């Protein structure tokens, strides 16, 4: 069943007299208990897209439907309903928690505002949520600074779970954590999906984590999705040269790890002055005839595999 | 036997005093050979950055330290400040994680590179600027003669890190210490920077001491690896050995917690990295170790050989 449907979502920011197209014509959908992985380098618009979906920022255009509700048109009541079903967790858990609130108050606030439980039951429910994310009940009376980074991320997850959401937007939830802790959090998210049927929009620049966790994966470059397909196919046989380069550039922790890499030319261009033709052509190792003049069409090149590249 | 380029012996670094004293690095020893590529791997708080800083004697003023850091036969920790100044930036140089905070925003990158040259070599301003252009070219910055006049804010993160590398190699040092040089960068740019650093190492025959938390970088670049945990080296070996034949539960745990195939459950290291004032007696990894037995709590194990050039600080090293 389809839970989230995004059609031609756009977010433009005015920069002086020019326009920065942070998210430009992005479409995808996520089903119940599905994990949709969104990968891209800094500045590609992946976090902006995550915020658009919750209407934390106003879209410039396009349509976003969550669980039958039009998010873009939604006001007050409808929007509250959307956000009960759709929660978000961020990269830096310390910045997302109020340093002067105990865990009980942080998690409890969500429970009370949304009338999930009565005031008398708050403590019990909060303890249950903490247990679900692997923290013991003693934690209820502690402040955020008393926890480690991984534990804080667990608190943020518990708070997101308080309203019984159907889907969580996880915006780089692992990036601020140590390697040995990242695996713990990734396992926790996996368990939540299995046990509670939660769907995820998993935003990350960590390709291995996306490959491990997501069912469908999309690669963003300069505000657009350049490739989208079932995760296993995307990572085993990338179609877009950008995906191919990204995959080849990830250092692999194995013996003889040094393989031929595709070293891309230069930096990501400014999103204000997107190159003509294919936006990726100045850095592309496979560019040919039409690339610097003709914008490639984003199309289903093989069943289930969407790509915008003249090669396909 | 030839002496190593750098040898660190019995290095201890701590902060505070009395009951509040925190020991961040504990009796650490390591060697960097000529034309070596040594990688130190560790998570936050393992003491890897302080170890690197001690090689340049750049520790914060409130740090207490003891031990010896011998570079080309001279002890850096007891060297006179004047002698140290002649060494820093000339024979040993450093590249940090965040290039923006390492560069001065109000000077052009050219003048910052030239400054290194002018400090150590008897050349004119004009010559120094010319060499700065050449250095920008050798770190593959396009149109270096124009870029040399730019300020750090006009450049991207990857470009700035190239400028930092240009400064580091300006005086052809014997040793470059790179502390998480690519952590702030995207993967496609990370690949560019590592390729550049590796290429320069081959060309100039300098040694590189690279500090990272990324085992992938270790696999691709390291000749030798030292794994740090709670201020100690817990395992050291050649890069291949570390991946094929890890002999410490922590190293093993790090390798197993990396995402692999879809659907396979990850095996994380349980628990948290202990705080330095809450370290357990005996082996410091006991609080998170799968292989822990009674004897582990009694006495901290020594770093003992478990194979050719392979050392582990675990009493069950041969069983795991």
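Chains as they are written, first to last, in the working numbering: chain A, 48 to 359; chain B, 16 to 335.
Even glycine gets a Cβ: it sits at the ideal position worked out from N, Cα and C.
Since the structure is predicted, the reported quantities are computational estimates derived from the model, not experimental observations.
- Contact check between the segment 175-188 of chain A and the segment 61-74 of chain A: fewer than three CB pairs, one atom from each, fall below 8 angstroms, which does not count as touching.
- A Cβ of chain A is located within less than 9 angstroms of the beta carbon of residue 258 of chain B.
- As the crow flies, the alpha-carbon of residue 53 of chain B is around 9 angstroms from that of residue 233 of chain B.
- Residue 196 of chain B sits in coil when the DSSP states are folded into three classes, being neither helix nor strand.
- Of all C-beta pairs linking the segment 242-257 of chain A to the segment 214-234 of chain A, three or more are shorter than 8 angstroms, placing the two stretches in contact.
- The DSSP-derived three-state label of residue 139 of chain B is coil.
- Around the C-beta of residue 308 of chain B, fewer than 16 other C-beta atoms lie within 10 Å, and the residue is accordingly described as exposed.
- Excluding five sequence positions before and after residue 138 of chain A, the CB atoms of its chain that fall closer than 8 angstroms to its own CB belong to 218, 219, 220, 222 and 223, given in chain order.
- Near chain A, meaning a CB-to-CB distance below 9 angstroms, the residues of the segment 224-247 of chain B are 228, 229, 230, 231, 232, 233, 234, 235 and 236.
- One finds 88, 89, 252 and 315 in chain A with Cβ atoms closer than 8 angstroms to the Cβ of residue 201 of chain B, taken in chain order.
- When the five nearest sequence neighbours on each side are left out, the beta carbons in the same chain lying within less than 7 angstroms of the beta carbon of residue 254 of chain B are those of 233, 234, 237, 238, 239 and 240, in order along the chain.
- Within the segment 222-241 of chain A, 225, 226, 227, 228, 229, 230, 231, 233, 234 and 237 place their CB atoms closer than 8 angstroms to a CB of chain B, listed in sequence order.
- At a cut-off of 9 angstroms between beta carbons, residue 252 of chain B makes no contact with chain A.
- Contact note: residue 327 of chain B does not reach chain A at a C-beta cutoff of 7 angstroms; the least C-beta distance is about 18 angstroms.
- Not one beta carbon of chain B lies nearer than 9 angstroms to the beta carbon of residue 142 of chain A.
- Shown here, residue 131 of chain B sits in a helix according to DSSP, grouped into three states.
- Per the C-alpha coordinates, the member of A:116, A:290 and A:90 positioned closest to residue 101 of chain A is A:116.
- Linking residue 60 of chain B to residue 194 of chain A through their CA atoms gives a straight-line distance of about 15 angstroms.
- DSSP links residue 224 of chain B through a beta bridge to B:53 and B:192.
- Secondary structure of residue 28 of chain B (DSSP, three-state): strand.
- One alpha carbon belongs to residue 283 of chain B, the other to residue 135 of chain A, and they sit about 24 angstroms apart.
- Contact between the segment 67-75 of chain A and the segment 254-262 of chain A is absent, with fewer than three C-beta pairs closer than 8 angstroms.
- Residue 289 of chain A carries a helical assignment under DSSP once its states are collapsed to helix, strand and coil.
- Take residue 104 of chain B, set aside five residues on each side of it, and the residues of its chain with a beta-carbon closer than 6 angstroms to its own are 131, in chain order.
- Between residue 180 of chain B and residue 163 of chain B, the gap from beta carbon to beta carbon reaches 9 angstroms or more.
- Counting every other CB atom within 10 Å of its CB across the protein chains shown gives residue 173 of chain B a total of 16 or more, marking it as buried.
- Beyond the five residues adjoining it in sequence on each side, residue 344 of chain A comes within less than 8 angstroms, by CB distance, of 355 in the same chain, given in chain order.
- Distances from the CA of residue 91 of chain A to each of A:358, A:315, A:337 and A:359 were compared; the closest alpha carbon is that of A:315.
- Considered as a whole, the segment 98-152 of chain A harbours 123-132 and 140-143 as its complete alpha helix (DSSP H) runs of no fewer than 4 residues, in chain order.
- Residue-level contact by beta carbon holds for residue 308 of chain A and chain B, with a gap shorter than 9 angstroms.
- For residue 238 of chain A, the uninterrupted alpha helix (DSSP H) run begins and ends at 226-243, by DSSP.
- Listed along the chain, the chain A residues whose CB falls inside 9 angstroms of the CB of residue 210 of chain B are 308 and 310.
- Considering only B:297, B:329, B:319 and B:302, the residue with the shortest C-alpha distance to residue 312 of chain B is B:297.
- Straight-line spacing of the CA atoms in residue 211 of chain A and residue 127 of chain B works out to 55 angstroms.
- Within the same chain, Cβ atoms closer than 8 angstroms to the Cβ of residue 118 of chain B are found at 124, 127, 167, 175, 178 and 179, the five residues on either side in sequence being excluded.
- Following the DSSP letters along the chain, one finds residue 66 of chain B in no beta strand (DSSP E) but inside the alpha helix (DSSP H) bounded by residues 63-70.
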